[in-house]
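Going by mature numbering (1 follows the signal peptide of the UniProt record, and there is no 0), the letters in the sequence shown line up with residues -26 to -1, 1 to 109, in that order. Cβ atoms here follow ideal geometry from the backbone N, Cα and C, with glycine treated the same way. Bear in mind the structure is a predicted one, so any value in this text is a computation, not a measurement. To keep things clear, I will list the structure first and then write my remarks on it.
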Amino acid sequence: MKRLARRSYLLALFLLIHVSLSCVNGRICYHCDSRNGGCAEDSVNGTKSTTCSEGNDFCEVVKDGRHGETRFYRDCVSDCDKEYVDWSKDGEEYCKMCCDKDNCNVGRCSSVVFTPTRVLFVLSAIVAFGMIALA
């Protein structure tokens, strides 16, 4: 009976962590534009976190090398048709990555994003299921 109670407790703890990580009162994204300085391709140093306005539920990072100048920017957006878009043509390149977690628009524009929230979720799942298996 104790074993069942322990498993139930661990499962409830795992679900609580998952739900608390999923609840959002407004998406928070990094916001910067290289045309205004302080927006490097592979760093969020010099950027600020901003609570997005209602309806802007996604974060994005863009590398826009069109029109002879490479521009990087991070912002809140309302649409995320494709999580990752990347193309180049005639020496111009464009990359857009969007995501739906707070401050997920970090690092280079790429198809793989590891945010602290995602890492914490994976680690908590491993610990919870590992403890259930040991019980």
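Between residue i and residue j, is the Cβ-Cβ spacing less than 7 Å?
i	j	result
residue 81	residue 38	no
residue 71	residue 35	yes
residue 8	residue 46	yes
residue 79	residue 40	no
residue 20	residue 29	no
Under 8 Å Cβ to Cβ from residue i, same chain only, skipping five residues before and after it: list those, please.
i	result
residue 22	4, 5 and 6
residue 125	For residue 125 there is no data in the structure shown, the boundaries of the chain being -26 and 109.
Among the residues of its own chain, which have a CB less than 6 Å from the CB of residue i, if the five just before and after it don't count?
i	result
residue 61	68
residue 83	35, 37, 69 and 71
Looking at the unbroken beta strand (DSSP E) that takes in residue i, where does it start and where does it end?
i	result
residue 21	No beta strand (DSSP E) holds residue 21; DSSP gives it neither H nor E.
residue 53	Careful: residue 53 lies outside any beta strand (DSSP E) and carries neither H nor E.
Using DSSP bridges, identify the partner residues of residue i.
i	result
residue 5	22
Legend entry - 3-residue-minimum beta strand (DSSP E) runs that sit fully inside the region 55 to 86, ordered along the chain: 58 to 63 and 66 to 73
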